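Have a look at the structure below, then the notes.
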Amino acid sequence: MGACMALCSLASCASCLCGSAPCILCGCCPSSNNSTVTRLIFSFFLLLGTLVSIIMILPGMETQLRKIPGFCQGGSTIPGIENQFNCDVIVGYKSVYRMCFAMACFFFLFAALMIRVRSSKDPRAAIQNGFWFFKFLILVGITVGAFFIPDGTFHNVWFYFGIVGSFMFILIQLILLIDFAHSWNEVWVRNAEEGNSKGWFFGLLFFTILHYVLAFAAVVLFYLYYTKPDSCTEHKVFISLNLIFCVIVSVVSILPKVQDVSPQSGLLQSSLISLYTMYVTWSAMTNNPNRECNPSLLSLVSNVNVSTTLPTPTSAPGVVQWWDAQGIVGLVIFLFCTFYASIRTSSNAQVNKLMQTEEGRGSDTEGPVGEDGLRRVVDNEEDGVTYSYSFFHFHLFLASLYIMMTLTNWYKPDTTTQAMQSSMPAVWVKICSSWLGLALYLWTLLAPILLPNRDFS
């Protein structure tokens with residue numbers, strides 16, 4: 018679906034710049050719903066900005082820009098022309114902050130504009146589902162303006178915006194993973210029952226055991242490498258508490274009362290949530306400024322003394338090595354959740370209430386056939402939207418802040434040295450988000466029991 022959208026939108030660019038999502042897809046994906054196509058295109062905008070940020074933070078980018086005659090201050094010059102542009106702003110963490118600031122403003126603007134849109138008959142729905150060329154121009158315009166923001170306190174202030182937004186996005190990621198696990202379990206159980214095949218049940222059992230084995234192995238490694246016998250007390254508490262909480266939610270998910278009211282719940286979901294919780298725990302510990310409790314992955318692999326091999330975050334102003342292990346894993350999870358949020362059609366009532374979406378439903382009607390003989394995608398929102406337009410854009414707004422923090426490794430800008438430093442606020446934000454995320458998952462299990470009068474079917 019994603020590849021289809023990308024290829025077809027490029028091919029249709031010349032004739033459909035001001036058109037709607039159905040126009041952009043034309044006949045390439047005739048079975049798609051209008052709501053799904055629109056979410057995919059907005060997600061493509063986010064991924065495009067992410068790609069630009071990754072390119073601009075790559076090491077050596079500033080050196081390459083300075084080779085362009087007459088472009089950067091202090092770079093190669095053309096006789097008679099003085100270099101005026103400050104290339105420090107468009108590389109390193111400064112470029113990531115500005116690019117993500119532009120994306121956040123863009124999505125926040127649409128979040129405010131689309132409040133209380135009830136169906137595609139609302140005039141604002143046409144803006145949501147069309148005018149892509151002008152939307153792209155707006156995003157480009159905000160991005161260009163963002164690079165003219167003076168340094169000052171901008172980076173420090175936006176860092177705290179990023180901390181809060183990323184905290185909320187981590188919760189959304191966990192909700193999406195809960196929904197994915199529910200859908201995964203539901204589909205495989207149905208396939209096993211309808212096909213009378215035990216292979217699907219063995220598949221569920223295999224992945225459940227695999228998730229738990231990986232989560233338990235992570236706990237063991239955390240105790241070995243991220244704690245010391247006489248120090249690193251915070252890490253010991255984080256690891257122990259999250260291990261206990263994961264055991265609790267796993268036990269609750271298979272209690273008879275929970276199974277009676279929510280037969281779709283089970284250990285597959287709990288195992289996936291436990292594994293994600295361990296990732297968040299690991300990600301939090303890697304932001305601890307205490308280098309004794311936060312060894313580099315290279316030192317763990319090579320078994321070399323950390324103090325002699327680990328460069329400090331402030332060793333090179335503005336240089337952030339986001340491509341460490343936890344950053345790469347975080348980027349992969351981000352891409353998965355962004356794509357899944359664009360195509361999900363869930364039947365899980367509790368998750369749908371949290372995500373402000375309707376129960377998943379496809380359209381039984383085929384799209385109209387155009388003059389070119391190609392079938393268009395279906396407008397499945399004439400009677401009511403299938404997702405909250407405003408909340409979806411708010412989700413992308415938070416995603417912009419999360420990708421900013423991920424690419425800069427959650428380091429805090431230092432206005433005096435113009436470098437990046439690890440900080441304890443990032444540690445506590447991630448740990449607290451893991452606790453609150455587990456509480457949300459526990460709520461999806463207990464809500465039908467605690468509120469028996471509400472329909473959670």
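Positions 18 to 474 (the numbering used here) are the ones given, in order, by the sequence shown. Backbone N, C-alpha and C fix where the C-beta goes; we use that ideal spot for every residue, glycine too. If you're wondering where the values come from, they're calculated on a predicted model, not measured in any experiment.
{"Query": "So, for Val444: in the same chain, excluding its five sequence neighbours on each side, which residues have a beta-carbon less than 8 Å away from its beta-carbon?", "Result": "Glu251, Ala301, Met302, Asn304, Asn305"}
{"Query": "Buried or exposed, going by whether 16 or more other CB atoms sit within 10 Å of the CB of Trp175?", "Result": "buried"}
{"Query": "Leaving out five residues before and five after Ala209 in sequence, what residues of the same chain have Cβ atoms less than 6 Å from its Cβ?", "Result": "Trp217, Phe218"}
{"Query": "How many Å lie between Phe178 and Asp277 at the Cα?", "Result": "42 Å"}
{"Query": "Mapping the DSSP letters down to three states, classify Ser136 as helix, strand or coil.", "Result": "coil"}
{"Query": "Spell out the partners DSSP gives Thr374 in its beta bridges.", "Result": "Tyr404"}
{"Query": "Can you find at least 3 beta carbon pairs, one from the stretch 199-208 and one from the stretch 178-190, that sit closer than 8 Å?", "Result": "no"}
{"Query": "Can you tell me which of the three DSSP states Gly169 falls into?", "Result": "coil"}
{"Query": "Would you identify the three-state DSSP class for Ser214, choosing helix, strand or coil?", "Result": "coil"}
{"Query": "Could you pull out every residue in the same chain whose Cβ sits closer than 7 Å to the Cβ of Phe343, ignoring the five residues on either side in sequence?", "Result": "Sequence check: residue 343 is Gln here, not Phe. The residues are Trp299, Ser300, Thr303."}
{"Query": "For the candidate residues Leu463, Pro469, Met421, whose alpha-carbon lies nearest to that of Met73?", "Result": "Met421"}
{"Query": "Could you give the distance in angstroms between the alpha-carbon of Leu284 and the alpha-carbon of Val237?", "Result": "21 Å"}
{"Query": "So the alpha helix (DSSP H) Ile74 belongs to, where does it begin and stop?", "Result": "51-74"}
{"Query": "Write down the C-beta distance between Val181 and Leu424 rounded to the nearest angstrom, noting that I regard them as a contact closer than 8 Å.", "Result": "That belief does not hold up - the Cβ atoms of Val181 and Leu424 are roughly 17 Å apart, past 8 Å."}
{"Query": "Would you kindly check if the distance between the Cβ of Ser257 and the Cβ of Ser270 is under 8 Å?", "Result": "no"}
{"Query": "Determine, using beta-carbon pairs with one atom in the stretch 231-250 and one in the stretch 154-165, whether at least three such pairs fall under 8 Å.", "Result": "no"}
{"Query": "Put Ser440 into one of helix, strand or coil per three-state DSSP.", "Result": "coil"}
{"Query": "Going by DSSP in three states, Pro465 sits in which element: helix, strand or coil?", "Result": "helix"}
{"Query": "When the Cα of Gly109 is compared with those of Asn426, Ser200, Tyr404, Ile448, which residue comes out closest?", "Result": "Asn426"}
{"Query": "DSSP state of Gly182, grouped into three classes?", "Result": "helix"}
{"Query": "Using CA atoms only, rank isn't needed, just tell me which of Ala119, Asn173, Trp460 is closest to Val275.", "Result": "Trp460"}
{"Query": "Strictly by DSSP, which residues pair up with Lys447?", "Result": "Looking at the DSSP assignment, Lys447 forms no beta bridge with any residue, so it has no partner."}
{"Query": "To the nearest angstrom, how far is the alpha carbon of Ala232 from that of Lys447?", "Result": "17 Å"}
{"Query": "At which residues does the alpha helix (DSSP H) containing Thr362 begin and terminate?", "Result": "Thr362 -> no alpha helix (DSSP H), and no H or E assigned at all."}
{"Query": "Using the Cα positions of Glu399 and Asn50, report the straight-line distance between them to the nearest angstrom.", "Result": "12 Å"}
{"Query": "Could you give the residue range of the alpha helix (DSSP H) that holds Asp277?", "Result": "273-278"}
{"Query": "Return helix, strand or coil for Ser481, following the three-state DSSP convention.", "Result": "The structure shown does not extend to residue 481, since the chain spans only 18 to 474, so no value can be given for it."}
{"Query": "What do you get for Arg133, buried or exposed, if any count of 16 or more other CB atoms within 10 angstroms of its CB means buried?", "Result": "exposed"}
{"Query": "Check each candidate in Val157, Met372, Glu309, Leu222 and name the one with the smallest Cα separation from Tyr404.", "Result": "Met372"}
{"Query": "By Cβ distance, which residues of its chain are closer than 8 Å to Asn311, with the 5 residues on each side in sequence left out?", "Result": "Tyr243, Met302, Thr303, Asn304, Asn305, Ser439"}
{"Query": "So what's Gly147 in DSSP terms, helix, strand or just coil?", "Result": "strand"}
{"Query": "Pull up the CB-CB distance for Leu194 and Tyr293, whole angstroms please, since I reckon it's below 8 Å.", "Result": "6 Å"}
{"Query": "Thinking Val266 and Ser287 are a contact (beta carbons under 8 Å), I'd like their distance in whole angstroms, please.", "Result": "5 Å"}
{"Query": "Roughly how many angstroms separate the alpha carbons of Leu418 and Ala464, rounded to a whole number?", "Result": "31 Å"}
{"Query": "Just confirm the distance between the C-beta atoms of His228 and Leu289, as a whole number of angstroms; I'd bet it's less than 8 Å.", "Result": "5 Å"}
{"Query": "Looking at the strands, I want to know which residues DSSP matches up with Val395.", "Result": "Asn50"}
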